[in-house]
Amino acid sequence: SVVFEMLVDSYRKMGLLAEAVDVFLTIKYVEFVPTLLFCNMLLRDLLKANKMELFWKVFDRMSDMELTFDVYTYSNVINAYAKAGNVDEVKKVLLEMGENGCAPNVVTYNMVIHNLCRAGHLDEAVEMKRSMIEQGLVPDNYTYSTLVNGYCMERRLEDAKLVLSEMFDAGLKLDGVACNSLMDGFIKQGNVEEAFKIKNKMVSHFVQMDLVVQNTLLNGVCKAGMMEKAREIVTEMIETDTKPDSRTYNLLIEGYYRKHDMVRAFQMLDEMKKRSLAPTIYTYSAIINGLYLSRNFGQARAAFGEMIKQGLEPN
RNA sequence: AAACGUAUGUUCAUGCU
Numbered sequence: 016s017v018v019f020e021m022l023v024d025s026y027r028k029m030g031l032l033a034e035a036v037d038v039f040l041t042i043k044y045v046e047f048v049p050t051l052l053f054c055n056m057l058l059r060d061l062l063k064a065n066k067m068e069l070f071w072k073v074f075d076r077m078s079d080m081e082l083t084f085d086v087y088t089y090s091n092v093i094n095a096y097a098k099a100g101n102v103d104e105v106k107k108v109l110l111e112m113g114e115n116g117c118a119p120n121v122v123t124y125n126m127v128i129h130n131l132c133r134a135g136h137l138d139e140a141v142e143m144k145r146s147m148i149e150q151g152l153v154p155d156n157y158t159y160s161t162l163v164n165g166y167c168m169e170r171r172l173e174d175a176k177l178v179l180s181e182m183f184d185a186g187l188k189l190d191g192v193a194c195n196s197l198m199d200g201f202i203k204q205g206n207v208e209e210a211f212k213i214k215n216k217m218v219s220h221f222v223q224m225d226l227v228v229q230n231t232l233l234n235g236v237c238k239a240g241m242m243e244k245a246r247e248i249v250t251e252m253i254e255t256d257t258k259p260d261s262r263t264y265n266l267l268i269e270g271y272y273r274k275h276d277m278v279r280a281f282q283m284l285d286e287m288k289k290r291s292l293a294p295t296i297y298t299y300s301a302i303i304n305g306l307y308l309s310r311n312f313g314q315a316r317a318a319f320g321e322m323i324k325q326g327l328e329p330n
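Taking my numbering, the leading residue of the first sequence gets 16, the next gets one more, and so forth.
In structure tokens, the structure reads:
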């Protein structure tokens with residue numbers, strides 16, 4: 016069995032998943048049961064690589080073996096159904112695992128709650144939080160942040176705020192991810208001011224301003240045309256050693272082109288390249304839109320050509 | 001033998017609405 020696992024492992028690590036699965040499936044004719052961890056890692060790789068047919072083949076074979084699945088196994092199954100957008104099956108996994116003697120934990124519930132939120136079933140998601148408490152589990156930062164984000168996606172910002180206070184009342188410290196979801200929610204409603212109020216709250220609670228938060232705020236000010244404020248944010252990022260990424264520059268480029276300032280937009284593109292950040296399809300989209308807006312169709316076409324040359328696929 | 005090793009939340013572009 017050691018040789019067997021080494022063989023499958025080698026294939027896995029070389030990214031030859033089809034081969035790994037082939038070997039795995041020969042188990043039927045061999046007289047041993049592989050370890051659960053080993054199977055779980057194979058499932059995880061198949062999920063990551065989007066090889067869903069292989070995933071289910073392996074899972075079916077696992078079901079035929081003398082294995083008792085653990086929470087990791089079921090997490091993989093949940094992710095598999097989630098990938099297919101099948102929320103009903105996701106919920107069923109929760110019941111099934113209970114029947115099979117594997118009690119769902121906080122992570123399992125969080126995954127289900129996340130998928131309910133994604134499907135827009137917020138009431139069910141909240142209900143799910145209630146039942147996890149009934150099971151003696153304690154909702155954590157992920158649980159609350161997921162719900163905050165769920166409400167934000169539905170534009171129910173007041174409800175989102177309530178969850179945030181609930182989290183705080185539960186004794187959890189102010190969570191940067193939850194705050195970011197809320198800020199993003201307000202920004203998408205055009206309410207930059209409210210977003211900055213949340214930022215100030217973060218500062219007063221000593222919550223780290225990370226790259227994601229700064230990009231969120233930058234998105235707000237750039238969309239609002241507040242480019243002086245945008246420069247301030249970037250300066251603050253550099254001072255606090257939060258390295259801008261390609262999204263940061265994409266947002267700046269977008270902000271400037273919306274103001275018909277292609278000179279500064281191109282300056283941002285240069286600065287981005289100087290920091291050895293590769294332009295993405297978003298970068299080129301912004302540049303092309305800007306050039307189109309200023310009626311530079313030739314340059315727009317040239318930018319498109321350059322994008323192709325960089326090996327970026329137009330979508 | 002033990003330990004280690006596998007699962008969960010947030011940010012960017014175009015058009016139509």
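From the three backbone atoms N, C-alpha and C, an ideal C-beta is built for every residue, glycine too. Bear in mind the structure is a predicted one, so any value in this text is a computation, not a measurement.
Subject >> Cβ-based neighbour list, Lys107, same chain, cut-off 6 Å, excluding 5 preceding and 5 following >> reply: none
**OP:** Could you pull out every residue in the same chain whose Cβ sits closer than 6 Å to the Cβ of Ala280, ignoring the five residues on either side in sequence?
**Re:** Ile268, Tyr271, Tyr272 and Gly305
Subject >> Buried versus exposed, by CB contacts within 10 Å (16 or more), Leu110 >> reply: exposed
**OP:** Buried or exposed for Phe201, please, with buried defined as at least 16 other CB atoms from any protein chain shown within 10 angstroms of its CB.
**Re:** buried
Subject >> Gly205 in three-state terms, based on DSSP >> reply: coil
Subject >> Assumed close pair Leu284, Ile302 - CB separation to whole angstroms, cut-off 8 Å >> reply: 7 Å
Subject >> Whether Val207 touches Gly235 by CB criterion (8 Å) >> reply: yes
Original post:
With Pro52 and Phe70 assumed to form a contact (beta carbons below 8 Å), what rounded beta-carbon distance in angstroms separates them?
Top reply: Reading off the sequence shown, one finds Leu at residue 52, where the question assumed Pro. Their Cβ separation, rounded to whole angstroms, is 17 Å, which puts Leu52 and Phe70 out of contact at 8 Å.
Original post:
Can you name, in chain order, every residue of its own chain whose Cβ lies under 6 Å from the Cβ of Leu152, other than the five neighbours on each side?
Top reply: Val121
Subject >> Inter-residue spacing [alpha-carbon to alpha-carbon] between Met287 and Thr250 >> reply: 14 Å
Original post:
Under three-state DSSP, which class holds Lys212?
Top reply: helix
**OP:** Output the boundary residues of the alpha helix (DSSP H) element that contains Lys98.
**Re:** Val86 to Lys98
Subject >> Pairwise C-alpha distance: Val218 and Asn91 >> reply: 37 Å
**OP:** Within its chain, find whatever has a CB closer than 6 Å to the CB of Ser16; leave out the 5 residues flanking it on each side and keep chain order.
**Re:** Phe47
Subject >> Status (buried if at least 16 other CB within 10 Å, exposed otherwise) for Ile93 >> reply: buried
**OP:** Determine the direct distance from the alpha carbon of Arg290 to that of Asp190, and round the result to whole angstroms.
**Re:** 30 Å
Original post:
With Ala140 and Leu162 assumed to form a contact (beta carbons below 8 Å), what rounded beta-carbon distance in angstroms separates them?
Top reply: 6 Å
Subject >> Span separating the alpha-carbon of Glu328 from that of Glu321 >> reply: 11 Å
Original post:
Based on Cα-Cα distance, which residue from Tyr166, Ala118, Cys167 and Cys132 lies nearest to Met147?
Top reply: Ala118
**OP:** Could you tell me how far apart the beta carbons of Leu232 and Ala210 are, in whole angstroms, since I believe they sit closer than 8 Å?
**Re:** 6 Å
**OP:** Would you identify the three-state DSSP class for Glu81, choosing helix, strand or coil?
**Re:** coil
Subject >> Close-in-space but distant-in-sequence residues of the same chain around Thr263 (CB under 8 Å, 5 per side omitted) >> reply: Leu226, Gln229, Asn230, Leu233, Val249 and Met252
Original post:
Between the beta-carbon of Leu131 and the beta-carbon of Asn156, is there less than 8 Å?
Top reply: no
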